[in-house]
């Protein structure tokens, strides 16, 4: 019976290698090298390269579905802090999650595959829906704690507007982060995690949140 741990390691190697070479340029030999196995051994776990791509997409979907960028005690947080602080906190958490492994590899992979693999578009849409839904919870909590002046009927559209801007900023931010990470070998995860942040981009994001919070007073 194929080893499930080795299967997971192959998928991880696929994501890691694709981060540096792109999914299209990643060969089975590259992936096998990352797991320290022979290329032929990959076929013990996957029928073909296409099957590996499908399973990698499935793994990405499962990981993304478990993510929450809002704290479990959001009501307590909203009660304690002003809206601007709360929004900056959740966006900072969202960005930091995407800066680190494995989410930055997953994000890069699904973005590179969205025009080639139909299942990936479903993953991206589900991710957007989850982000909007979680943002709605934050806005409702801020309304309940009288931190913002927003009609509950406008929560969904406001969350969509906010998330659209944040996702655009995230995409640009991660593009710059990836440029910083590319010179480092994949195996050196510490250097990847400690690559210099784009302070100018962070300032721009915070300025947007400040204006957004100001509009909701």
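Numbering (UniProt numbering), first residue to last: 1 to 217. Ideal placement from N, C-alpha and C gives every residue a C-beta, glycine not left out.
Neighbour-count burial assignment, residue i, 16 or more Cβ in a 10 Å radius
i, result
"residue 116", "exposed"
"residue 21", "exposed"
"residue 24", "exposed"
Endpoints, the alpha helix (DSSP H) within which residue i is located
i, result
"residue 216", "Looking at the DSSP string, residue 216 is not in any alpha helix (DSSP H), and its letter there is neither H nor E."
"residue 34", "28–35"
"residue 42", "Looking at the DSSP string, residue 42 is not in any alpha helix (DSSP H), and its letter there is neither H nor E."
"residue 67", "Counting along the chain, residue 67 falls outside any alpha helix (DSSP H), and DSSP gives it neither H nor E."
"residue 16", "4–21"
Spatial distance of residue i from residue j (CA atoms)
i, j, result
"residue 110", "residue 18", "10 Å"
"residue 98", "residue 49", "26 Å"
"residue 76", "residue 150", "19 Å"
"residue 139", "residue 58", "31 Å"
"residue 155", "residue 87", "14 Å"
"residue 204", "residue 44", "48 Å"
"residue 104", "residue 200", "20 Å"
"residue 128", "residue 27", "30 Å"
Inter-residue CB distance, residue i and residue j (contact presumed, cutoff 8 Å)
i, j, result
"residue 56", "residue 121", "With 8 Å as the limit, residue 56 and residue 121 do not qualify as a contact, their Cβ atoms being about 15 Å apart."
"residue 137", "residue 70", "6 Å"
"residue 46", "residue 173", "That pair is no contact at about 33 Å."
C-beta atoms of residue i and residue j nearer than 8 Å
i, j, result
"residue 159", "residue 132", "yes"
"residue 145", "residue 68", "no"
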